[in-house]
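Heads up: the protein sequence lines correspond to chains A and B, in order.
What the first sequence shows, in this note's numbering, is residues 2 to 175, in sequence order.
What the second sequence shows, in this note's numbering, is residues 2 to 175, in sequence order.
Just so it is clear, CB atoms sit at the ideal spot from N, CA and C, and this is done for glycine as well.
The model shown is predicted, which means the values in this text are computed figures rather than measured ones.
Some notes on the structure that comes next.
There are 2 protein chains.
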Amino acid sequence: MLKLDLLYMSEALKQAKIAFEKDEVPVGAVIVHNGKIIARAHNQIKLLKDPTAHAEMIAITQAASYLGNERLLNATMYATIEPCPMCTGALVLARIKRLCIGASDPKTGACGSVFNIADNKRLNHRLQVKKGVLEEECASLLKEFFSRLRSDIGKAAGSRRQSVSEAQAGKKKR
Amino acid sequence: MLKLDLLYMSEALKQAKIAFEKDEVPVGAVIVHNGKIIARAHNQIKLLKDPTAHAEMIAITQAASYLGNERLLNATMYATIEPCPMCTGALVLARIKRLCIGASDPKTGACGSVFNIADNKRLNHRLQVKKGVLEEECASLLKEFFSRLRSDIGKAAGSRRQSVSEAQAGKKKR
Chain A
2 MLKLDLLYMS EALKQAKIAF EKDEVPVGAV IVHNGKIIAR AHNQIKLLKD PTAHAEMIAI
62 TQAASYLGNE RLLNATMYAT IEPCPMCTGA LVLARIKRLC IGASDPKTGA CGSVFNIADN
122 KRLNHRLQVK KGVLEEECAS LLKEFFSRLR SDIGKAAGSR RQSVSEAQAG KKKR
Chain B
2 MLKLDLLYMS EALKQAKIAF EKDEVPVGAV IVHNGKIIAR AHNQIKLLKD PTAHAEMIAI
62 TQAASYLGNE RLLNATMYAT IEPCPMCTGA LVLARIKRLC IGASDPKTGA CGSVFNIADN
122 KRLNHRLQVK KGVLEEECAS LLKEFFSRLR SDIGKAAGSR RQSVSEAQAG KKKR
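Written out as structure tokens, the structure is:
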């Protein structure tokens, strides 16, 4: 494993942790060009109420703005989770050279898991994909988030059930 | 063919024509919700220098902002050309109910042409897709654009060849 890949993925992981703290699905992405990080982003779907506000999309727009060009030639993206069809499609359109992935996504991943948009002969650009960079750390953050979410939903359902019982008890009293 | 589908697609086509006039690839999209157009957009890739600035993406963000919700339940998108993987992925994430397409895109279309992201059992949302709405008008606008582009490139190459010939002739004179 290249030391630099670990370093840049740890920067993407920092972004994922920011998303976690903001109750967003913890995914982070950074883009590196000529040895410099030119974009850092995390999921902002809830904050912006925008289904397109994935970390990878925001990072691509940031990087294109930085370079003043819609093509991110010779750039590498570090994404904590395998990008979905939308984000992988955007990476192909942006002509990103290389994509390093933390954990795979068996549900919507588009770099081999459900689709392979990243390396497809019918499209006019293909990415070099490397998987499993800080995989455990990236996956465990996501697991922790969804476990907390399920627990919160369970608590809310429990408290709703309690309110209903109390209301029914009150009804009986009346 | 539903009359309303033709009406809304003609609105998307107006957007595609705006893109054409601005030297952007002529693709337009509108989103309809409860019988009202809540988003109209055209490609702005060159203007914004942003590879994600496809008509469909801009329309989704506009519609989500209008509804104050990242899910566009019960909405229909009218897109003049079959959406690419990025845009189709975004439509699935947005939970768009229905998608009407003008012309198919055999090179990058993700609603059956190259991929089928719009109606895939492995994803947790599927769109109702209708193809061929004002197909000829949508396709011919695109053909005209690329034919003009090729002609412009040809002229530029011709003028470069002429300059080189003149320079070489000048050289010989010296």
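Distance, residue j Cα to residue i Cα
{"i": "A/I46", "j": "A/F147", "result": "16 Å"}
{"i": "A/E1", "j": "B/S160", "result": "As shown, chain A starts at 2 and ends at 175. That puts residue 1 of chain A outside it, with no answer to give."}
{"i": "B/S114", "j": "A/G155", "result": "43 Å"}
{"i": "A/A158", "j": "B/H126", "result": "25 Å"}
{"i": "A/C139", "j": "A/M10", "result": "9 Å"}
{"i": "B/A95", "j": "B/L128", "result": "10 Å"}
{"i": "B/K15", "j": "A/Q163", "result": "56 Å"}
{"i": "B/K122", "j": "A/V93", "result": "24 Å"}
{"i": "B/L68", "j": "B/D6", "result": "22 Å"}
{"i": "B/A64", "j": "A/T53", "result": "12 Å"}
{"i": "B/K143", "j": "B/G103", "result": "Going by the sequence as given, residue 143 of chain B is Leu instead of Lys. B/L143 and B/G103: Cα-Cα distance of roughly 11 Å."}
{"i": "B/G61", "j": "B/H34", "result": "Looking at the sequence provided, one finds Ile at residue 61 of chain B rather than Gly. For B/I61 and B/H34, the distance between alpha carbons rounds to 12 Å."}
{"i": "A/S152", "j": "A/E145", "result": "10 Å"}
{"i": "A/F116", "j": "B/I82", "result": "22 Å"}
{"i": "B/P86", "j": "A/L124", "result": "10 Å"}
{"i": "B/I97", "j": "B/D120", "result": "12 Å"}
{"i": "A/P84", "j": "B/A91", "result": "12 Å"}
{"i": "B/N75", "j": "B/R99", "result": "8 Å"}
{"i": "A/L150", "j": "A/F21", "result": "11 Å"}
{"i": "A/A40", "j": "B/R41", "result": "29 Å"}
{"i": "A/L28", "j": "B/N44", "result": "Leu is not the amino acid found at residue 28 of chain A; the sequence shown has Val there. Cα to Cα, A/V28 sits roughly 28 Å from B/N44."}
{"i": "A/A13", "j": "A/K50", "result": "22 Å"}
{"i": "A/S66", "j": "A/R72", "result": "10 Å"}
{"i": "B/S105", "j": "A/K37", "result": "40 Å"}
{"i": "B/E136", "j": "B/L48", "result": "27 Å"}
{"i": "B/M78", "j": "A/G133", "result": "37 Å"}
{"i": "A/A17", "j": "A/C88", "result": "16 Å"}
{"i": "B/L3", "j": "B/P107", "result": "25 Å"}
{"i": "A/N70", "j": "A/C101", "result": "22 Å"}
{"i": "A/C112", "j": "A/A80", "result": "12 Å"}
CB contact check: residue i to chain A, cutoff 7 Å
{"i": "B/G69", "result": "yes"}
{"i": "B/D120", "result": "no"}
{"i": "B/A60", "result": "no"}
{"i": "B/P107", "result": "no"}
{"i": "B/A95", "result": "yes"}
{"i": "B/A65", "result": "yes"}
{"i": "B/K50", "result": "yes"}
{"i": "B/K174", "result": "Caution is warranted here: a pLDDT of 46 is assigned to B/K174, below 50, making its placement in the model unreliable, and no coordinate value can be reported."}
Sheet register partners of residue i (DSSP bridge)
{"i": "A/V177", "result": "The structure shown does not extend to residue 177 of chain A, since chain A is modelled only from 2 through 175, so no value can be given for it."}
{"i": "B/C101", "result": "B/Y79 and B/K131"}
{"i": "B/H43", "result": "B/G29"}
Beta carbon proximity, residue i to chain B, threshold 7 Å
{"i": "A/D6", "result": "no"}
{"i": "A/I102", "result": "no"}
TODO: Please list the segments of the alpha helix (DSSP H) lying wholly inside the region 106–143 of chain B, counting only runs of 4 or more residues, in order along the chain.
DONE: Entirely contained in the region 106–143 of chain B, not one alpha helix (DSSP H) run reaches 4 residues.
Open item on the list: Counting only Cβ-Cβ distances shorter than 7 Å, please list the residues of the region 15–44 of chain B near chain A, keeping chain order.
Closed with: none
Task: Residues, ordered as in the chain, of the region 124–153 of chain A that lie near chain B by beta-carbon distance below 9 Å - done: L124 and N125
Open item on the list: Can you pull out the residues from the region 68–90 of chain B whose beta carbon lies closer than 9 Å to at least one beta carbon of chain A?
Closed with: L68, G69, N70, E71, R72, L73, C85, P86, M87, C88, T89 and G90
Open item on the list: Suppose only complete runs of 4+ residues qualify. What are the alpha helix (DSSP H) ranges in the region 2–26 of chain A, listed by chain order?
Closed with: 4–22
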